[in-house]
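Start counting the sequence shown at -12; every next residue gets the next number (our numbering).
For each residue, glycine too, the CB sits at the ideal point set by N, CA and C.
None of these values were measured; they are calculated from a predicted model.
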Amino acid sequence: MLLKDAFVIDVTGDGRNLVLSYGPCQFPTLGFIVERFWEIQAHEPEEFWTINCTHTSDEGTASFGWIRGHLFDYPCAVVLYEMCVEEPMATVQNVRNQEKLKYPPYPLSTLELQKRASRYFRMSSEHTMKVAEELYQAGFISYPRTETDNFSPNTDLHAIVREQVEHPVWGAYAHRLLTPEERLWRNPSNGGHDDKAHPPIHPTKFSRGESNWSPDHNKLYELVVRHFLACCSQPAVGAETTVEIDIAGEQFTASGRVVLAKNYLDVYRFDSWGGTLLPTYNIGQQFVPTTLTLDSGVTRPPPLLAEADLLSCMDKAGIGTDATMHDHIKKLLDRCYATKDENTRFSPTNLGEALVMGYDEMGYELWKPYLRSMMEADMKSVSIGTKSKSEVLESCLQQMKACFLDARVNKAKLLDAMGTFFARSSRPINETQNPVEAVRPCAACHESEMVLKQRQTGEFMVGCRSYPQCRNVVWLPGFISEASVTNQVCPICTPGPVYKIQFKFRRRDIPPNFDVDHLGCVGGCDDILKELMEISRFGSRSQAATPARGRQTPNGARQGPPRQDLHTNIRPVGQLNNENPSVMHSQGFRSTHTQNPSNASGQVLCTSCGEPCILRIANTDANRGRKFYKCQDPGCGFFKWEDELENAMPGGRRGRGSSRQAPASASAGRRGGAQARGRRGRGRNADGGMFVSATGDTVSGCCFTCGDPSHFANACPNRR
-12 MLLKDAFVID VTGDGRNLVL SYGPCQFPTL GFIVERFWEI QAHEPEEFWT INCTHTSDEG
48 TASFGWIRGH LFDYPCAVVL YEMCVEEPMA TVQNVRNQEK LKYPPYPLST LELQKRASRY
108 FRMSSEHTMK VAEELYQAGF ISYPRTETDN FSPNTDLHAI VREQVEHPVW GAYAHRLLTP
168 EERLWRNPSN GGHDDKAHPP IHPTKFSRGE SNWSPDHNKL YELVVRHFLA CCSQPAVGAE
228 TTVEIDIAGE QFTASGRVVL AKNYLDVYRF DSWGGTLLPT YNIGQQFVPT TLTLDSGVTR
288 PPPLLAEADL LSCMDKAGIG TDATMHDHIK KLLDRCYATK DENTRFSPTN LGEALVMGYD
348 EMGYELWKPY LRSMMEADMK SVSIGTKSKS EVLESCLQQM KACFLDARVN KAKLLDAMGT
408 FFARSSRPIN ETQNPVEAVR PCAACHESEM VLKQRQTGEF MVGCRSYPQC RNVVWLPGFI
468 SEASVTNQVC PICTPGPVYK IQFKFRRRDI PPNFDVDHLG CVGGCDDILK ELMEISRFGS
528 RSQAATPARG RQTPNGARQG PPRQDLHTNI RPVGQLNNEN PSVMHSQGFR STHTQNPSNA
588 SGQVLCTSCG EPCILRIANT DANRGRKFYK CQDPGCGFFK WEDELENAMP GGRRGRGSSR
648 QAPASASAGR RGGAQARGRR GRGRNADGGM FVSATGDTVS GCCFTCGDPS HFANACPNRR
């Protein structure tokens, strides 16, 4: 959604609605294509030189290749060549004759069916499975979606072969296969895979070709039958000869092969096993080469991935199953991430290359097959009983969630990669909604974004995306019924951009002089939103029904989920105050340890707005009768106990009530010292200030780990 709104992407050409998506199977599949494409693009042609030698006799011609292969050093190659020219006499060093066997293929699995149909007939894997499914539905072949490549001992293979004896093309071979005197029969090899559900693909009904079959139906049925007959046959037998010669100290070799018995090759026309017939050579024999040349060449890049090769890559990496691999390939073509030419070779489109490039620039390899391979391995562990479903499901969800959050945080790199290939969208900014609901950069961690969120209770908040590592949050008024981030940027608030939010309030909960619809900013410049926050702070109906964190029910159990009262949290770090964000605690209280709040006349001044503070008397059980100063502005969070303020003044001057000592629970310092500043603990903050409500009430609660009331478990220094 982010990319579709940000760029002009018209790659379909037919008006289809383009879907941009990430998938743990389709993206690694795309990665194979892009990686090969990049390898081709990065290839630098390099010239090389090699020495070639031929010898012609009455029995034929032998071509000898240099055992060094080739050299990239031209002067060195010239020196070696000139040595051979000066002493051209060749001496036969070794002659090896050995029997070679070419074995028939394993029984046919789904993956092999797709690869061979692509290689032999240029059929796509998706079309192959469609045709195979139709042949299966008509009863001509067995179930085409199987990973099994070995037959059960209970399968009557001879009966299957016997059905093919009447065929006009391969019937004669089937007859030979069933004749014991031919000694052609061999039980199929075991490929080592068994899905315990279906046998290998084999013919189930004889046919000379049906009238309603297309050429592809005939080709695929022929492949299934010939493959089955071949895997029941003896391997081909050949005699291979290798001759090694020496010319001026340089070694050359030539190989030849003669097929002695074709066996399965008689029916499996798709395989070939040819060779050249070498003249007869004996060890110690000498001759002068007919030709001796120094030839040059240029290194070539690897070819684009063919579909059969792509299927092999997916199989080795554990991407998908035999029955789903063709779907992942088709998805790449449907999404316009890649194209396929007439030779079934794949090239990435600009869109596909940009997506892989963007993920690669993010620093993690979501386009690599590792994540999906782990998932497939875990699911196999579930099938054999070594892992539970819930364990694997939870692990996979956590992995994908982490990838998703990382991708959102690093989306700028994806945008940069897309910008290399596509033009930015020229649509008016108000027609494009912010797709990720990001509001502004986080002023606490400086690494992530503040995003608009809605809790299960219906309340809205603007919190850091890096939660729980960063707990910066702005609680919005409780009477918001709808909220959405727009692409309108506030021109006042910094650091930016700070996107405005379209609010819709419940009419019954706000004064009549306020509009139900409001386009507001949480950066600190919006006076209307500030007033509504104050109204919500003192008059929200939902607030009274929502217990604060640590508040206990009558039976002593703590209620959840945890939530701080709105009035202690409406000004987090850097939010709703642009004048002096550096002296703001995460709880919304301003630190007073940076300056003396008293003026020359003895009045206590607010450290934020500079106005004289008013003196109040606490009425709580823990601090009953204790005096404190607070700002006259209800929206200001300044608060200071009178006795603490006077203790900090020069000479230790005390005023009324100064002889009263704070209770132990109020005077205990916060554990963890400066490291705990800005955490969500309650009690004293780092400079001795008490976290209280606007009425002077201390906020109750303590650490679940150690019982210390000055902090909660998430900030506990004893936390393991």
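- Shown here for Ile497: same chain residues with a beta carbon closer than 8 Å to its own, the five before and five after excluded, namely Phe466, Val503, Leu519 and Ile522 in chain order.
- Within the segment 257 to 334, the complete beta strand (DSSP E) segments at least 3 residues long are 278 to 285 and 325 to 327, listed from N- to C-terminus.
- When rounded, the separation of the alpha-carbon atoms in Ala226 and Ile270 is 18 Å.
- In this structure Leu358 touches Pro11 by the C-beta definition: roughly 6 Å separates them, less than 8 Å.
- Bridge partners of Arg173 according to DSSP: none are assigned.
- According to the DSSP secondary-structure assignment, Pro599 is paired through a beta bridge with Leu592.
- Asp233 sits in a strand when the DSSP states are folded into three classes.
- Note: Gln489 is bridge-paired with Ser471 and Leu506 in the DSSP secondary-structure output.
- Here DSSP, grouped into helix, strand and coil, assigns Ile(-4) to coil.
- Pairing Cys477 with Val485, the inter-Cα distance amounts to about 6 Å.
- In the three-state reduction of the DSSP assignment, Glu631 falls in the helix class.
- In the DSSP assignment, Lys249 falls outside any beta strand (DSSP E), carrying neither H nor E.
- Partner residues in the beta bridge of Thr48, as assigned by DSSP, are Thr43.
- For Ser220, the pairing in a beta bridge is given by DSSP as Trp172.
- Scanning His154, Leu100, Glu231 and Tyr208 for the CA closest to the CA of Asn84 turns up Glu231.
- Check the Cα spacing between Met301 and each of Arg452, Pro356 and Thr267: the tightest is with Pro356.
- Between Val426 and Ile479 the beta-carbon gap is near 15 Å, outside 8 Å, which marks them as no contact.
- Leaving aside the five residues that flank Arg494 on each side, the residues in its chain whose CB is nearer than 7 Å to its CB run, in chain order, Val503.
- A distance below 6 Å between beta-carbons, with the five flanking residues on each side excluded, links Pro288 to the following residues of its chain, in chain order: Ile27 and His30.
- Looking from the CA of Pro62, the closest CA among Ala325, Trp36, Asp321 and Met76 belongs to Trp36.
- Here Ala77 is actually not in contact with Asp282; their C-beta atoms are around 18 Å apart, not less than 8 Å.
- Taking a 10 Å sphere around the C-beta of Thr135, we find 16 or more other C-beta atoms and assign the residue as buried.
- Glu197 and Gly305 have their C-alpha atoms some 38 Å from each other.
- Straight-line spacing of the CA atoms in Trp25 and Val343 works out to 11 Å.
- The beta carbon of Ala325 lies closer than 8 Å to those of Leu17, Ile20, Leu319, Phe333, Ser334, Pro335, Thr336 and Gly339 in the same chain, with the five residues before and after it left out.
- As the crow flies, the alpha-carbon of Asp514 is around 19 Å from that of Phe447.
- Looking from the CA of Lys87, the closest CA among Gln13, Gly243 and Glu74 belongs to Gly243.
- Of all alpha-carbon atoms in Glu169, Ala159 and Glu153, the one lying nearest the alpha-carbon of Ser194 is that of Glu153.
- For Val66, the enclosing alpha helix (DSSP H) has its first and last residue at Tyr61 to Glu73.
- If you look at Met405, you'll find it in the alpha helix (DSSP H) that goes Lys398 to Gly406.
- Annotation: the continuous beta strand (DSSP E) that includes Phe615 extends over Lys614 to Cys618.
- In this structure, the straight-line span from the alpha carbon of Leu439 to that of Leu297 is close to 42 Å.
- Assigned with DSSP and collapsed to three states, Phe108 falls in helix.
- Excluding sequence positions up to five before and after Gln80, its CB lies within less than 8 Å of the CB of Glu231, Ile232, Asp233, Gln238 and Ile270, all in the same chain and listed in chain order.
- Across the set Pro499, Pro482 and Lys491, the C-alpha of Pro482 shows the shortest separation from the C-alpha of Cys512.
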